[in-house]
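All remarks here apply to the structure that follows.
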Amino acid sequence: MTALDLSSPVAVVGTGTMGQGIAQVALVAGHPVRLYDAAPGLARKAADTIGSRLDRLVEKERLTADERDAARARLTPVDELSGLAGCSLVVEAVVERLDVKQELFRALEDVVADDCLLATNTSSLSVTAIGGALRVPGRFVGLHFFNPAPLLPLVEVVSGFATDFGAATRAYETARAWGKTPVACADTPGFIVNRVARPFYAEAFAVYETQAADPATVDAVLRESGGFRMGAFELTDLIGQDVNEAVTHSVWQAFFQDVRFRPSLAQRRLVESGRLGRKTGRGWYDHREGAERPEPHTAEPAEPPAYVVAEGGLGPAAELLDLIREAGIEVREAEEDEGTRLVLPSGGQLVLADGQLSAEFGDVVHFDLALDYRRATRVALSHAAHTSAETVAQATGLFQALGKKVSVIGDVPGMIVARTVARIIDLAVEAVAQGVATEEDVDTAMRLGVNYPLGPFEWSRRLGRGWAGALLDEMHGVDPCGRYAPSLALHRYACATDQREDTP
Ligand SMILES: NC(=O)c1ccc[n+]([C@@H]2O[C@H](COP(=O)([O-])OP(=O)(O)OC[C@H]3O[C@@H](n4cnc5c(N)ncnc54)[C@H](O)[C@@H]3O)[C@@H](O)[C@H]2O)c1
1 MTALDLSSPV AVVGTGTMGQ GIAQVALVAG HPVRLYDAAP GLARKAADTI GSRLDRLVEK
61 ERLTADERDA ARARLTPVDE LSGLAGCSLV VEAVVERLDV KQELFRALED VVADDCLLAT
121 NTSSLSVTAI GGALRVPGRF VGLHFFNPAP LLPLVEVVSG FATDFGAATR AYETARAWGK
181 TPVACADTPG FIVNRVARPF YAEAFAVYET QAADPATVDA VLRESGGFRM GAFELTDLIG
241 QDVNEAVTHS VWQAFFQDVR FRPSLAQRRL VESGRLGRKT GRGWYDHREG AERPEPHTAE
301 PAEPPAYVVA EGGLGPAAEL LDLIREAGIE VREAEEDEGT RLVLPSGGQL VLADGQLSAE
361 FGDVVHFDLA LDYRRATRVA LSHAAHTSAE TVAQATGLFQ ALGKKVSVIG DVPGMIVART
421 VARIIDLAVE AVAQGVATEE DVDTAMRLGV NYPLGPFEWS RRLGRGWAGA LLDEMHGVDP
481 CGRYAPSLAL HRYACATDQR EDTP
């Protein structure tokens with residue numbers, strides 16, 4: 001099954017933010033495009049807006065004046081749905097309401113031919129439910145573009161329960177022919193990106209709710225240690241707290257209130273108070289003119305230890321041993337090498353976040369996972385009330401000697417980056433096990449859709465396949481609300497490695 005022929009007319013219904021973007025993509029790819037919006041005059045206005053955007057592309061020399069003129073000539077606003085007769089693909093981008101979308105598609109079936117591909121750009125509704133009322137449901141797919149559609153490459157091509165393989169393939173190939181990077185996905189709440197990304201927000205909010213760290217510190221750790229482009233608090237201020245919460249809420253409801261997707265009470269209060277983020281001037285942060293941006297917690301300078309004793313290779317933090325040596329600090333190797341920790345001259349231990357509380361141990365400081373310890377500019381530490389001041393100071397001084405800023409946070413299991421990455425990996429593994437998408441497509445979707453520095457499977461390969469499950473097991477032990485219980489799929493995933501390792 002190949003992409004739609006460029007001579008095939010494409011219709012876009014609903015000419016708001018997304019409709020305009022999708023229409024521009026199809027138009028620049030070479031299709032004749034028709035625009036329809038229920039609000040009188042809006043389709044015409046959208047055509048003018050798209051025209052101005054094409055002008056800007058000519059200014060930026062991404063389009064020639066001739067190409068722009070030809071594209072403009074291919075763009076036709078229509079006043080009635082009947083004006084879409086003869087189209088080969090209709091992409092719907094109307095208001096996010098199941099009843100409105102269902103009614104629209106039923107009406108469209110009376111206008112277009114039975115072989116016209118019908119697509120919805122819904123971000124949170126069930127593709128199966130929207131298409132369920134159709135006379136010919138096999139030609140119905142989800143084509144989930146991201147905002148701004150002309151710039152962002154990812155398109156989730158969603159197959160509903162009744163979608164024909166041929167229709168999904170044609171939609172996939174057409175998105176690719178439009179210069180996009182399509183990923184194939186089954187109809188699941190949140191599709192790939194909005195399902196797998198939930199813990200990125202939820203875990204940051206959970207750390208804040210336990211008072212372990214403020215938004216500025218969590219964001220700084222996610223960026224500077226986790227390698228994420230933005231922290232969860234600043235990103236949701238940009239997206240809009242109401243928009244982000246609505247997605248979380250809808251995914252949670254669609255999973256029959258699975259506790260792992262439970263929304264955040266702190267975010268609920270923020271939305272109730274009208275602090276929706278940048279668009280209202282305040283969200284987690286104050287964005288009003290002249291407002292001061294809070295600084296992340298950063299520890300005062302401390303003396304580095306003269307040496308550390310390495311018990312074991314530090315697992316995913318092994319690179320730290322090289323960095324410590326390069327900083328001129330002696331690394332003594334313990335005779336027994338079973339552990340994965342550093343012992344400081346104070347006698348206290350420095351342990352990579354493993355899902356346990358520091359409070360469960362004697363003199364222990366936990367340090368958070370980093371995407372890349374060499375490039376990280378900040379590392380978070382956590383410790384119990386009874387951890388000795390000397391051990392905390394030596395741990396702080398050690399990371400400072402490696403050129404890192406140190407954020408000391410409260411004693412939360414899994415800290416910030418580690419718990420976030422472990423839960424993202426768990427949801428990704430579960431999604432693949434349930435046939436939602438392939439590992440490769442999940443990685444592509446998370447890198448392109450939400451800019452993650454690594455896809456969950458790439459990350460898991462770096463950390464070791466058993467890492468996320470082991471961390472979540474420990475977290476579940478200290479916080480057995482069910483939210484951290486590793487999925488059956490993650491257990492299987494980790495066991496698959498063990499078996500391979502056991503096989504001679
Ligand atoms: N905005 C985003 O970031 C984003 C990203 C991905 C997907 N989506 C999805 O895309 C869809 C549209 O979102 P948007 O942000 O562009 O909305 P929008 O409010 O900017 O535009 C919606 C348009 O649809 C029109 N409309 C409403 N009912 C209609 C009907 N029955 N027939 C024809 N036109 C109708 C409205 O007049 C409006 O112009 C939603 O399903 C949304 O979930 C949005």
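Residue numbers (the UniProt record's numbering): 1 to 504.
Glycine is no exception: its CB is placed at the ideal position from the N, C-alpha and C atoms.
- Item | Through-space distance from Asp411 to Leu381, alpha-carbon basis | 9 Å
- Item | Residue span of the beta strand (DSSP E) that contains Ser407, given as start and end | Lys405 to Ile409
- Does the beta-carbon of Glu501 have 16 or more other beta-carbons within 10 angstroms, so that it is buried, or is it exposed? Bear in mind that a pLDDT of 49 at Glu501, under 50, signals an unreliable position, so the model cannot answer this.
- Message: Is the beta carbon of Val91 closer than 8 Å to that of Ile22?
- Response: yes
- Message: DSSP has Asp286 in a bridge; who is on the other side?
- Response: Arg282
- Task: Name the two residues that bound the continuous alpha helix (DSSP H) containing Ser250.
- Result: Gln241 to Ala254
- Pull up the CB-CB distance for His31 and Ser52, whole angstroms please, since I reckon it's below 8 Å. Not quite, the Cβ-Cβ distance comes to about 20 Å (not below 8 Å), so this is no contact.
- Message: When you measure from the CB of Asn121 to every non-hydrogen atom of ligand 1, does any distance come out below 7 Å?
- Response: Asn121: yes, Cβ under 7 Å from ligand 1.
- Say whether the region 447–467 touches the region 397–411, bearing in mind that this needs 3 or more beta-carbon pairs closer than 8 Å, one atom from each stretch. no
- Using three-state DSSP, classify Thr15 as helix, strand or coil. coil
- Query: From Gly160 to Thr387, what does the alpha carbon distance come to, in whole angstroms?
  - Reply: Just so you know, the alpha carbons of Gly160 and Thr387 end up roughly 54 Å apart.
- Task: Under the assumption that Val351 contacts Asp368 (Cβ atoms under 8 Å), give the Cβ distance between them as a whole number of angstroms.
- Result: Wrong, their Cβ atoms sit about 11 Å apart, outside the cutoff.
- Message: Can you tell me whether Gln356 is helix, strand or coil according to DSSP?
- Response: coil
- Task: Count the other C-beta atoms from every protein chain shown that fall within 10 angstroms of the C-beta of Ala376, then say buried if there are 16 or more, exposed otherwise.
- Result: So Ala376 counts as buried.
- Euclidean distance between Cα positions of Leu134 and Tyr493: About 39 Å.
- Rounded C-beta distance between Leu321 and Ala306? I'm assuming under 8 Å. Their Cβ separation, rounded to whole angstroms, is 16 Å, which puts Leu321 and Ala306 out of contact at 8 Å.
- Take every Cβ of the region 181–190, pair it with every Cβ of the region 202–216, and state whether three or more of those distances are shorter than 8 Å. no
- Identify whether Phe200 lies in helix, strand or coil by the three-state DSSP scheme. helix
- Thinking C-beta only, is Cys116 closer than 8 Å to Ser88? yes
- Cβ-heavy atom distance between Gly41 and ligand 1 below 7 Å? Answer for Gly41: no, Cβ out of range of ligand 1.
- Cβ of Val247 within 8 Å of Cβ of Ser123? yes
- Query: Under the DSSP definition of a beta bridge, which residues are partnered with Gln349?
  - Reply: Val343 and Val364
- Through-space distance from Ile409 to Gly142, alpha-carbon basis: Cα to Cα, the separation comes out at about 42 Å.
- Task: Using three-state DSSP, classify Tyr172 as helix, strand or coil.
- Result: helix
- Using the Cα positions of Val442 and Arg198, report the straight-line distance between them to the nearest angstrom. 14 Å
- Per DSSP, which residues does Glu333 bridge with? Please list them. Glu333 has Ala310 as its beta-bridge partners, per DSSP.
- Please classify Pro189: does DSSP put it in a helix, a strand, or coil? coil
- Message: Do Ala46 and Thr17 count as a contact pair if the criterion is CB distance below 8 Å?
- Response: No, Cβ-Cβ distance for Thr17 and Ala46 is not below 8 Å.
- When the Cβ atoms of the region 415–434 are set against those of the region 466–473, are three or more pairs found closer than 8 Å? yes
- Message: Between Thr444, Glu390, Gly312 and Arg374, which has its C-alpha nearest Ala334's C-alpha?
- Response: When Thr444, Glu390, Gly312 and Arg374 are compared, the shortest CA-CA separation from Ala334 is found for Gly312.
- Item | Which of helix, strand or coil DSSP assigns to Phe145 | strand
- Message: Between Ala119 and Ala171, how many whole angstroms is the CB-CB distance? I'm expecting something under 8 Å.
- Response: 6 Å
- Item | Rounded separation between Cys196 and Ala65 - CA only | As written in the sequence, residue 196 is Val, which differs from the Cys given in the question. Cα to Cα, Val196 sits roughly 42 Å from Ala65.
- Message: Output needed for Pro153: all residues of its chain with C-beta closer than 7 Å, excluding positions within five of it in sequence on either side, in chain order.
- Response: Non-local beta-carbon contacts of Pro153 in its own chain, meaning distances under 7 Å to residues more than five positions away in sequence, involve Lys180, Thr181 and Leu448 in chain order.
- Label Asp363 either buried or exposed according to how many other C-beta atoms from any shown protein chain fall within 10 Å of its C-beta, with 16 as the threshold for buried. buried
- Item | Contact belief for Val10 with Val33 at Cβ below 8 Å, rounded distance in angstroms | 5 Å
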